[in-house]
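With this note's numbering applied, the sequence shown corresponds to residues 1 to 134, in that order.
Reading through the structure tokens given below for one structure.
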Amino acid sequence: MKTILVIEDDEAIGDNTVELLAILGFETALADDGQHGLTAICNKQPDLVFCDVQMPGISGYDVLRTIRADGRFKQLPFYFFSAKTEPADQEKGFAMGATGYLTKPFTEADLLNCICRHLPMPAQACRGADTIAK
Numbered sequence: 001m002k003t004i005l006v007i008e009d010d011e012a013i014g015d016n017t018v019e020l021l022a023i024l025g026f027e028t029a030l031a032d033d034g035q036h037g038l039t040a041i042c043n044k045q046p047d048l049v050f051c052d053v054q055m056p057g058i059s060g061y062d063v064l065r066t067i068r069a070d071g072r073f074k075q076l077p078f079y080f081f082s083a084k085t086e087p088a089d090q091e092k093g094f095a096m097g098a099t100g101y102l103t104k105p106f107t108e109a110d111l112l113n114c115i116c117r118h119l120p121m122p123a124q125a126c127r128g129a130d131t132i133a134k
């Protein structure tokens, strides 16, 4: 089973996202800040990461910069999600090596679209799309 790590300091968004991913048939892990996210990446070696940009302490940008410097994670699919909608914010993430950028609120379909580019989809994931992020 493929593992997806969600790094999100907003408890409701993090919980809702991992709950949805679990229902869809993915193994999930949740980290509530950048430091815990870095630890989870090293320990769990997920197949895909969704990471908030703005978090206390270590930002999502710092998480991405750190893992891209580690040869083990240069190809790890890494998506930002954020309420920041300025093109410059998205361009910064892509320039650092982000795979993609989801703007909050996002839908189940948005999430699945990102995932299906990189991971085989469990049967549960083929049921349709509803809005999940607040």
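Ideal placement from N, C-alpha and C gives every residue a C-beta, glycine not left out.
Quantities reported herein were computed from a predicted structural model and do not represent experimental measurements.
With 16 or more other CB atoms across the displayed protein chains lying within 10 angstroms of its CB, Asp-110 is buried. The secondary-structure analysis by DSSP pairs Cys-51 across a beta bridge with Ile-7, Phe-80. For Leu-76, the closest of Thr-85, Thr-107, Leu-64 by C-alpha to C-alpha distance is Leu-64. Contact annotation: Lys-44 and Phe-81 have beta-carbon atoms that are not nearer than 8 Å. Counting every other CB atom within 10 Å of its CB across the protein chains shown gives Pro-87 a total below 16, marking it as exposed.
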